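Take a look at the structure set out below.
Number of protein chains: 2
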Amino acid sequence: MRSHEDGRTASQIPEVVVMRLPLYARALAVLEKESQEVVSSNELAARLQVTPAQIRKDLSYFGRFGKQGRGYNVGHLLSHIRRILGLDRQWSMALVGVGRLGRALLHYGAFAAEGFKLVAAFDSDRRQIGTQIDGVVIQSMEELSSTIRTREVNICIIAVPALKAQEVIDMVVQCGVRAILNYAPIACRVPGDVCIREIDPICALQSMTFHLKVPRINR
Amino acid sequence: MRSHEDGRTASQIPEVVVMRLPLYARALAVLEKESQEVVSSNELAARLQVTPAQIRKDLSYFGRFGKQGRGYNVGHLLSHIRRILGLDRQWSMALVGVGRLGRALLHYGAFAAEGFKLVAAFDSDRRQIGTQIDGVVIQSMEELSSTIRTREVNICIIAVPALKAQEVIDMVVQCGVRAILNYAPIACRVPGDVCIREIDPICALQSMTFHLKVPRINR
DNA sequence: CCGTGTGAATGAGTTCACAGCC
DNA sequence: GGCTGTGAACTCATTCACACGG
C-alpha cells in the first residue's frame, strides 16, 4: 500500500529490526550498569525473550560487532547501537494538546533522561495559554508553526482529541516535522517520509480480550 | 474453512490479525455514528490506510460477513467484531503502581467508556494506601492477591518502576490474571497462556530517530 | 457490473545450520 | 570448545486475481 518509492529515504533495513534495536540498547545498558563486559547473543536473547539468531541477524544489518568464541563487548555494542539509532545526541520535542494526558506527559521525566527534551507545548484552550508546566510555557496553536521552526523541533507528540488529530498532524508535518508520537486513537495519514508511531492502550486491551474470551480450563 | 468464534483451542488465528480487529471496530463505530449503513472493503481500507484485500482476508478468518456486489453492513459487522473480540461485555481491571503515570491512568476516562472498568489499585507506598482516586481506593500490595480474586479482575495494568515490574507481574499471574498491559520499560517473562502488551513510548521514540538521523535534503 | 471470499503467488521475517575465527 | 556472521530453508503474512453471487 506504500504509495511510491522516494528512493533516497527508503532504508533497506526492515522496520521490525529498527524497532528491536531500542530493546537491545536497554538490555545492554542494564548489563553495563551491572559492570558486565561481554555478552553473547545467547545471554542477551535469554534476557529479552527472543532467539539468539534473531539478535545476530539484526546486528549483522549494521556491521560486525562481535568476536567469535567470545561474544559482544557490552559497552562497544551499546554505543554502536546508540549511534545507529541516533541516540548520541539530544532531540527536541513539542507536545500538542495539554489535556490530562498531555500534562502527564509534560511531567514525565523519562523522556529527558533519554535525551528527548520537551521544548514546547501547544493547546487551543485560551485559559491554559501562558501557564507553565515543568518549565514549559503553553503556547497557542497560532504560535506552533514559528516555534517549531525556531526551536528546531524534530519530533511532535500528539495528545489532542481524536477529531482534531489529523488536522494537527497535517500542521506539524507542514512545519517539517518528520517524526510523530501519536496518542490520539485514530488511524492517520502522513506522507511517506514521515515516521509515526501509535500509542494506543485501548487497542492493546481490545486485542487481549480476544484471548481472555475463551474460558479458562484449569483455574 | 476455519473453526468459528467459540472454539476453545489455542487460537490458530494470526496475532497480527487479532491486533487489527480493534482498528476495524473503531473505524466501523465512526461510520455507524455517521449513519452509514454499508461499507466496502475498499472504503474501509482507505480510511485505515491498509489494503482492501487485507481486510477481506482478516475477516474471512472469522466468517462471511459481507454481501457480494454490496459490501458489509456497518452495524452487523461491528457487532460481529465486538463479539469476536469479547467486547460485548465488561472487563475488570486492576492497576498496580499509583505513581504519576498510575494516577493519570486512573483518571483516564476512555477505559471505562470502552467497557474496561478499573475496580482496584495497588501501591507499596504506605502514605497512599487508603486514599481514593476517582472512586478507587488504593490498597496495599498485601491485599492484591485476595482483591484480584474476589473482584474477579481479568486484566492488570502495570505501572510500577522497571525494577519491580517482573516481580509484580509474577504476582498477578499467580493470581490467575491472563492479560497484562505493561507500562514498565522492561522485557518481561510470562507463561505462554498469559497475554501481555507493552506500552513503551521511549522505544517508539528511539526507533523513530533512526529515520531522522539521515539529514533532510529539501527543507 | 460490483464487491466478497479465497486459493495461489509473492514477499517479508525468522530460524537453521554451519563455515570460519578466536 | 565457544560463539559470531550469514546464506539457505522455512514459516508466516500480504497481495493478487478471479470465481461466484447479489
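Sequence lines, in order, name chains A and B.
Mapping of the first sequence onto the numbering used here: position 49 corresponds to residue 49, and the numbering continues sequentially without gaps.
Mapping of the second sequence onto the numbering used here: position 4 corresponds to residue 4, and the numbering continues sequentially without gaps.
Don't be surprised by glycine CBs; every beta carbon is placed ideally from N, CA and C.
Here the structure is a predicted model, which is why all the values come from computation and not from measurement.
| query | When the Cβ atoms of the region 94–101 of chain A are set against those of the region 99–109 of chain B, are three or more pairs found closer than 8 Å? | reply | Counting Cβ pairs under 8 Å, three or more are found: they touch.
| said: Along the chain, where does the beta strand (DSSP E) containing Ser-92(B) start, and where does it finish? | reply: According to the DSSP assignment, Ser-92(B) belongs to the beta strand (DSSP E) that extends over 91–96.
| said: Is it the case that the region 125–144 of chain A contacts the region 128–148 of chain B, given that we only count it when at least three CB pairs across the two stretches are under 8 Å? | reply: Touching, no.
| Whose Cβ in chain A lies nearer than 9 Å to the Cβ of Phe-62(B)? | Within chain A, no residue comes near Phe-62(B); the closest Cβ sits about 10 Å away, beyond 9 Å.
| For Ala-159(A), is the classification buried or exposed, using 16 other Cβ atoms within 10 angstroms of its Cβ as the cut-off for buried? | With a 10 Å radius around the Cβ and a threshold of 16 neighbouring Cβ atoms, Ala-159(A) comes out buried.
| Does the region 196–216 of chain B come within contact of the region 22–29 of chain A, defined as at least 3 CB pairs closer than 8 Å? | Yes: the two stretches touch, three or more of their Cβ pairs being nearer than 8 Å.
| message | Here's a check: name, in chain order, each residue in its chain whose Cβ is nearer than 6 Å to the Cβ of Ser-145(A), leaving out the five neighbours to either side. | response | Cβ neighbours of Ser-145(A) within its own chain (closer than 6 Å, five residues either side excluded): Cys-175.
| query | Closer than 9 Å, CB to CB, is Gly-86(A) near chain B or not? | reply | Taking Cβ atoms only, chain B reaches closer than 9 Å to Gly-86(A), which makes this a yes.
| query | Using 8 Å as the Cβ pair cut-off and three pairs as the minimum, do the region 78–96 of chain A and the region 40–57 of chain A touch? | reply | The count of Cβ pairs closer than 8 Å, one atom from the region 78–96 of chain A and one from the region 40–57 of chain A, stays below three, leaving the stretches out of contact.
| task | Just the C-alpha distance for Leu-28(A) and Ala-187(B), rounded to the nearest angstrom, thanks. | result | Going from the Cα of Leu-28(A) to the Cα of Ala-187(B) covers about 12 Å.
| Can you tell me whether DSSP reads Leu-144(A) as helix, strand or coil? | Here DSSP, grouped into helix, strand and coil, assigns Leu-144(A) to helix.
| Contacts of Ile-155(B) in chain A (Cβ-Cβ under 9 Å) | By Cβ distance, chain A contributes Leu-205, Met-208, Thr-209, Leu-212.
| query | Using a C-beta to C-beta distance shorter than 7 Å, which residues of chain B count as neighbours of Leu-181(A)? | reply | Using a Cβ-Cβ cut-off of 7 Å, Leu-181(A) is close to Pro-201, Ala-204, Leu-205 of chain B, given in chain order.
| field | Own chain partners of Asp-200(A) with C-beta closer than 7 Å, once the 5 adjacent residues on each side are dropped | value | Closer than 7 Å at Cβ, skipping near neighbours: Pro-185.
| request: Output the boundary residues of the beta strand (DSSP E) element that contains Ala-121(B). | output: Note, Ala-121(B): beta strand (DSSP E), 116–122.
| Per DSSP, what kind of secondary structure is Ala-175(B) in: helix, strand or coil? | In the sequence under discussion, the amino acid at residue 175(B) is Cys, which differs from the Ala named in the question. Coil.
| Cβ pair Val-190(A), Ile-169(A) closer than 9 Å | Taking 9 Å as the Cβ cut-off, Val-190(A) and Ile-169(A) qualify as a contacting pair.
| request: Could you tell me whether the Cβ of Phe-111(B) comes closer than 9 Å to any Cβ of chain A? | output: Chain A, which has a Cβ nearer than 9 Å to the Cβ of Phe-111(B), makes this yes.
| said: Could you tell me the alpha carbon to alpha carbon distance between Lys-237(A) and Val-39(A), rounded to whole angstroms? | reply: This structure does not reach residue 237(A), given that chain A is present from 1 up to 219, and the question cannot be answered.
| field | When Leu-48(A), Gly-86(A), Glu-198(A), Ala-113(A) are compared against Leu-31(A), the one with the closest alpha-carbon | value | When each option's Cα is compared against that of Leu-31(A), the closest is Leu-48(A).
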